[in-house]
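Following: one structure in structure tokens, then a few remarks.
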Amino acid sequence: MNEGKIGVFDSGYGGLTILNGIRKALPQYDYIYLGDNARAPYGTRSYEVVYDFTLQAVRHLFAQGCRLVILACNTASAKALRSIQQNDLPGIDPARRVLGVIRPTVELLGDLTRSRHIGVLGTPGTVNSHSYRLETTKIFPDVTVTEMACPMWVPLIENNEHTGPGADYFVKKYIDTIMERDPQIDTLVLACTHYPLLMDKIRLYLPEGIALVPQGEIVGTSLYDYLRRHPEMQTRLSTGGSIKFETTENPEKFNPLASLFTGSEVNASHITL
Ligand code: DGL
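In terms of our numbering, the sequence shown is residues 107 to 379.
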């Protein structure tokens, strides 16, 4: 079996925004996208459950020939990445790698904010882990981070209600609340890979002059740099430019919305974890 693919994992559709960014930066590689849509959302689940589900997905992607897996999900990156890297990977195969999306995002934030006040919007899981505040303080101790959970946003997207009028109420509510908590925020991070789908509505309710930061391009650029610094990984990746989609949901349900995210037709296979 060809062992050189890159796996991209998310609880559902959100990781497709990261996949787009990665494929833009690195179109030559072979990818497998896995969405655990049948068990999404992860954002309100406990640490143990997110860790178990994520490890199952990583093992599955390794078994499909992935050498490198990107957790294209902030919730999984916050709750499962470190344990998998430190405790599981050495026993599974120390030559493979699992990377997340939080660190590459945080590394950029210090250069983006002028007021030194940033806002982070994410799932309850990501926000309660305080990963963004902890990581930001390590690199940019002068930056104030306000984190806020937006529990209704992922369900709106997973149910394809994010462009309808029902979404406006919850977009306005969370934007108003975070801006009231810290009116000095000049940079707002969409720290959930689903949220770029709400970008148009978020812009409607966001005061002018505030930078919105989605993660797709950031993660693409960061992976590009990572592979340049790690030739031992880069030389083992296969370069057929292919993409395969897998979902734990019914593909007939997955394909139409996934196609909206990627901008091209998606024909996923059903898998179980
Ligand atoms: N897209 C995921 C994230 O970035 C999680 C969404 C969810 O399953 O709650 O956090």
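Even for Gly, the Cβ is constructed at its ideal location relative to N, Cα and C.
Using C-beta distances below 8 Å, list every residue in its chain close to residue i, excluding the 5 sequence neighbours before and after it, in chain order.
i, result
"Pro133", "Gly347"
"Val277", "Trp259, Leu304, Lys307, Ile308, Leu310, Tyr311"
"Lys359", "Asn143"
"Arg220", "Asp292"
"Asp288", "His223, Gly225, Thr250, Thr252"
"Leu343", "Gly110, Lys111, Ile112, Tyr135, Asp136, Arg173, Leu174, Leu333"
"Ser370", "none"
Tell me which same chain residues have a C-beta within less than 6 Å of the C-beta of residue i, skipping the five on either side of it?
i, result
"Gln170", "Ile138"
"Thr250", "His223"
"Tyr153", "Lys185"
"Ile112", "Tyr135, Tyr137, Leu174"
"Ile349", "Tyr137"
"Thr368", "Leu122"
"Pro357", "Ala374, His376"
"Gln340", "Leu333"
"Pro210", "Ile324, Val325, Ser328"
Residues in its own chain within less than 7 Å of residue i by CB, not counting five upstream and five downstream?
i, result
"Val156", "Tyr148, Thr181, Ala182, Lys185, Ala186, Gly231"
"Thr60", "The structure shown does not extend to residue 60, since the chain is modelled only from 107 to 379, so the question has no answer here."
"Asp248", "Arg222"
"Ile245", "Val212, Glu213, Gly216"
"Met107", "Because Met107 carries a pLDDT of 48, less than 50, the predicted location of this residue cannot be relied on, and the following value inherits that uncertainty. The residues are Gly171."
"Pro313", "Met285"
"Ile281", "Ile308, Tyr311, Leu312"
"Ser189", "Tyr157"
"Glu109", "Gly171, Arg173"
"Glu267", "Ala273"
"Arg239", "Val251, Glu253"
"Asn361", "Val372, Asn373, Ala374"
Are the Cβ atoms of residue i and residue j separated by less than 9 Å?
i, j, result
"Thr160", "Gly322", "no"
"Phe115", "Leu215", "no"
"Leu227", "Ile284", "yes"
"Ile128", "Val319", "no"
"Gly225", "Thr252", "yes"
"Val204", "Leu218", "no"
"Leu379", "Gln162", "yes"
"Gly167", "Leu140", "Reading off the sequence shown, one finds Leu at residue 167, where the question assumed Gly. Yes, Cβ-Cβ distance for Leu167 and Leu140 is below 9 Å."
"Ala255", "Thr229", "yes"
"Arg165", "Ile198", "yes"
"Thr345", "Cys179", "no"
Hey, would you say the C-beta of residue i is under 8 Å away from at least one heavy atom of the ligand ATP?
i, result
"Gly225", "Only the ligand DGL can be found as ligands here, which leaves the ligand ATP out of the picture."
With the ligand DGL as the reference, list in chain order each residue whose Cβ lies under 5 Å from any of its heavy atoms. Ser117, Gly120, Ala146, Pro147, Tyr148, Gly149, Cys179, Asn180, Thr181, Thr229, Val260, Cys298, Thr299, His300
Pair every Cβ in the stretch 267-276 with every Cβ in the stretch 291-299, then say whether three or more of these pairs are closer than 8 Å. no
Could you tell me whether the stretch 246-264 touches the stretch 107-122, where touching means 3 or more Cβ pairs closer than 8 Å? yes
Between the stretch 244-261 and the stretch 299-310, do at least 3 Cβ pairs fall closer than 8 Å? yes
Is it a yes or a no for the stretch 367-377 touching the stretch 339-359, going by three-plus beta-carbon pairs under 8 Å? yes
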